[in-house]
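Visitor:
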Amino acid sequence: MASMKRIISFTISFLLIASSALAHQPVIVEQEVIEIEKPEISRAFYDELTGSPRSYLIDSEKEFDLYVNLLVPKNSNPEGRYSARIYAITNGQRSLLTNIDGSSVEWEEFYEPFGGDTYVKGPEWKQRVPAGRYEIQVYSEDNLGKYVLAVGEKEFFGPKEILSVYTEVPRLKSEFFETNPLSFLWTPFGIVAVIVVAGIIYLIFRAR
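Residue numbering for the sequence shown is -23 to -1, 1 to 185, as defined by mature numbering (1 follows the signal peptide of the UniProt record, and there is no 0).
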């Protein structure tokens, strides 16, 4: 029992550390229009344009810091360059707040160790905005290809978000980054899973 408690304690502690380093909650986009709740929470939306821009909608009852960053996966779309228009929506009418031009900045490669993936990072934009409704519209010259939209800067990982890493990240490796999903086992999250499974197997055999 003491061994199991140590395994559980280690698992929880390590997952909390790993989650804070991962920073962005991963979200695989599967709808035409995405509603973003709590826009200050840090999330990464993984998507692929197939001929038209993608819209993300925000409704906030209070003012907030709107942070936006565009990235692409190095493995599957290293030359992709994306931009975003941000609109304020009042009485159903859109007014352009800003245009984040992906062609106006130098995109830089960086490696994210906790997911074990390499990105090419593009433009960032941040502004304090009043309560209201907003639209983030991601586009490119041909509106094709894989990209990542990062929104929000506040890191938050509850139990639900931590568990979702184990379903979303292997899928992202296979479908988005086009790498071997088993490489997830070499990330900190994967190592924790292996240790926990090995610990449980050990305790089961020890109890016999």
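Positions of the beta carbon are idealized from the N, C-alpha and C atoms, including for glycine.
1. Which whole-angstrom value describes the C-beta separation of Leu48 and Tyr96, a residue pair presumed to lie in contact below a C-beta threshold of 8 Å?
2. With DSSP as the reference, label Glu56 as helix, strand or coil.
3. Using 8 Å as the threshold, is the region 25 to 45 in touch with the region 121 to 135, meaning 3 or more CB pairs across them?
4. So the candidates are Asn76, Pro147 and Lys131; which of them puts its Cα closest to the Cα of Tyr116?
5. Rounded to whole angstroms, how far is the Cβ of Ile11 from the Cβ of Tyr33, which I believe are closer than 8 Å?
6. Among Glu89, Pro30, Arg110 and Thr27, whose alpha-carbon lies nearest the alpha-carbon of Asn68?
7. Using the C-alpha atoms, what's the distance from Pro50 back to Tyr64?
8. Taking 8 Å as the threshold (C-beta atoms), are Ser60 and Asp78 in contact?
9. Reducing DSSP to helix, strand and coil, say where Pro16 ends up.
10. Classify Thr22: buried if its beta carbon has 16 or more other beta carbons within 10 angstroms, exposed otherwise.
11. Which of the three DSSP states, helix, strand or coil, is assigned to Glu101?
12. Starting from Gly122, follow the beta strand (DSSP E) in both directions and report where the run begins and ends.
13. On the three-state DSSP scale, how would you describe Glu152?
Guide: A quick look at the data gives this:
1. The residue you call residue 48 lines up with position 71 of the sequence shown. The residue you call residue 96 lines up with position 119 of the sequence shown. Their Cβ separation, rounded to whole angstroms, is 5 Å, which keeps Leu48 and Tyr96 in contact under 8 Å.
2. One-based indexing of the sequence shown puts residue 56 at position 79. Coil at Glu56, not helix or strand.
3. yes
4. Numbered from its first residue, the sequence shown carries residue 116 at position 139. Of Asn76, Pro147 and Lys131, the residue nearest in Cα terms is Asn76.
5. In the sequence shown, the residue the question calls residue 11 occupies position 34. In the sequence shown, the residue the question calls residue 33 occupies position 56. About 5 Å; that satisfies the 8 Å criterion.
6. Counting from one through the sequence shown, the residue named residue 68 turns up at place 91. With distances taken between Cα atoms, Asn68 lies closest to Arg110.
7. Taking the first residue of the sequence shown as position 1, residue 64 is located at position 87. Taking the first residue of the sequence shown as position 1, residue 50 is located at position 73. For the pair Tyr64 and Pro50, the Cα-to-Cα distance works out to about 26 Å.
8. For the purposes of this step, residue 78 is identified with residue 101 of the sequence shown, where counting begins at 1. For the purposes of this step, residue 60 is identified with residue 83 of the sequence shown, where counting begins at 1. Closer than 8 Å, so yes.
9. Position 39 of the sequence shown, counted from the first residue, corresponds to residue 16. Correct three-state label for Pro16: coil.
10. Taking the sequence shown and counting its residues from 1, one reaches residue 22 at position 45. The residue asked about is misnamed: residue 22 is Phe in this sequence, not Thr. If you draw a 10 Å sphere on the C-beta of Phe22, you find 16 or more other C-beta atoms in it, and that means buried.
11. Walking along the sequence shown from the start, residue 101 turns up at place 124. Correct three-state label for Glu101: strand.
12. For the purposes of this step, residue 122 is taken as the residue at position 145 of the sequence shown. Gly122 -> beta strand (DSSP E) spans Leu121 to Val128.
13. Working through the sequence shown from its first residue, we reach residue 152 at position 175. Helix at Glu152.
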